[in-house]
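In the numbering used here, the protein residues as written are 51 to 345.
Yeah, the Cβ is synthetic: ideal placement off N, Cα and C, and Gly gets one too.
Below, the structure is given as structure tokens:
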């Protein structure tokens with residue numbers, strides 16, 4: 051499932067050139083991928099990714115920051131001095147990630163909450179940029195599929211964070227969706243996310259390419275400490291018609307205990323995942339298939 055290093059990625063001259071233009075080198079490695087082999091590897095449930103090339107962490111961060119990406123960085127994982135493809139683009143992935151993003155925005159829109167503006171803002175795949183912070187304050191450049199945080203106009207408790215943090219980098223909820231990306235990769239991300247000050251929840255959703263397997267895990271984080279066991283020890287819950295993912299509204303808005311929720315913002319945000327998956331199934335099915343979703 052995982053390809054060995056190629057001559058191109060181990061040749062000293064190639065590595066030297068890559069250090070000068072890491073984005074170009076990574077783009078060329080992506081262009082040269084055996085896409086049939088990658089697809090076959092990633093279609094295996096519980097795969098551990100498909101190796102793209104060698105890279106330093108600095109090279110990888112340059113790629114994440116770049117506007118010239120051959121493929122969005124959120125489809126890859128950096129580990130062990132290598133870049134791995136963990137998620138193919140297109141298909142179910144954007145349909146499900148977009149569906150979750152839309153559902154949360156719909157449930158917290160001003161008309162629903164009785165406020166004159168959004169009090170929980172969506173930031174999609176934005177990463178937190180700590181490039182110029184001291185080494186002790188640097189965070190991994192992780193791009194989630196969705197992210198949410200309180201609006202500046204709320205009474206949110208701003209986390210203990212370097213001065214350069216922008217308000218739109220303050221996220222209380224991050225969402226990861228895996229179709230090809232399995233629990234190994236998502237579990238590792240949850241551990242990394244625990245380093246992000248102010249983060250309260252990480253929601254991970256896994257749906258196999260054929261949609262036969264539909265699962266989720268919701269992790270709660272307090273003061274950078276994961277509540278409960280290591281993510282790898284947590285069994286995923288099946289997504290059914292009865293599934294309701296519940297998150298505390300006060301925690302999502304980072305409000306002090308003695309501060310009232312704004313307007314009619316729900317004390318508990320309830321997210322139904324099964325309708326989102328059904329809509330994704332309909333959106334991605336063959337045009338000749340008029341049958342309803344089988345779940």
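Rounded to whole angstroms, residue 299 and residue 79 show a C-alpha spacing of 44 Å.
The residue among 117, 316, 277 with its C-alpha nearest the C-alpha of residue 73 is 117.
Within the same chain, and ignoring the five residues on either side of residue 314 in sequence, the residues whose Cβ sits closer than 6 Å to its Cβ are 163, 164.
Sequence-distant partners of residue 88 (beyond 5 residues in either direction) whose C-beta falls short of 8 Å from its own C-beta, in its chain, are 100, 135, 138. If you keep only unbroken alpha helix (DSSP H) runs of at least 4 residues inside the region 63-140, you get 72-81, 85-92, 107-115. For residue 265, the pairing in a beta bridge is given by DSSP as 256, 288. If you draw a straight line from the Cα of residue 132 to the Cα of residue 196, it is about 25 Å long. When rounded, the separation of the alpha-carbon atoms in residue 334 and residue 257 is 13 Å. Rounded to the nearest angstrom, the Cβ distance from residue 95 to residue 228 is 10 Å, too far for a contact under 8 Å.
Comparing alpha carbon positions, the residue from 130, 81, 119 closest to residue 104 is 130. Taking each of 337, 198, 90, 71 in turn and checking the Cα distance to residue 174, the smallest one comes out for 198. A Cβ-Cβ separation of about 28 Å leaves residue 328 out of contact with residue 250 under the 8 Å criterion.
DSSP places residue 200 inside the beta strand (DSSP E), whose first and last residues are 196-200.
For residue 121, same chain residues with a beta-carbon under 6 Å away, outside a window of 5 residues either side, are 80 in chain order. Rounded to whole angstroms, the separation of the alpha carbons of residue 266 and residue 332 is 20 Å.
When the Cα atoms are used, residue 208 and residue 309 turn out to be separated by approximately 14 Å. By the Cβ neighbour-count rule, residue 181 is exposed, with fewer than 16 other Cβ atoms within 10 Å of its own. Contact check for residue 179 against residue 127 fails: the beta carbons are separated by 8 Å or more. By the Cβ neighbour-count rule, residue 226 is buried, with 16 or more other Cβ atoms within 10 Å of its own.
Within the same chain, and ignoring the five residues on either side of residue 143 in sequence, the residues whose Cβ sits closer than 7 Å to its Cβ are 137, 227, 229.
Here DSSP, grouped into helix, strand and coil, assigns residue 177 to coil.
Contact between residue 297 and residue 189 does not hold, since the beta-carbon distance rounds to 22 Å and is not under 8 Å. Check the Cα spacing between residue 295 and each of 279, 268, 284: the tightest is with 268. Taking the Cα of residue 147 as reference, the smallest distance to any Cα among 242, 241, 278, 253 is reached at 253.
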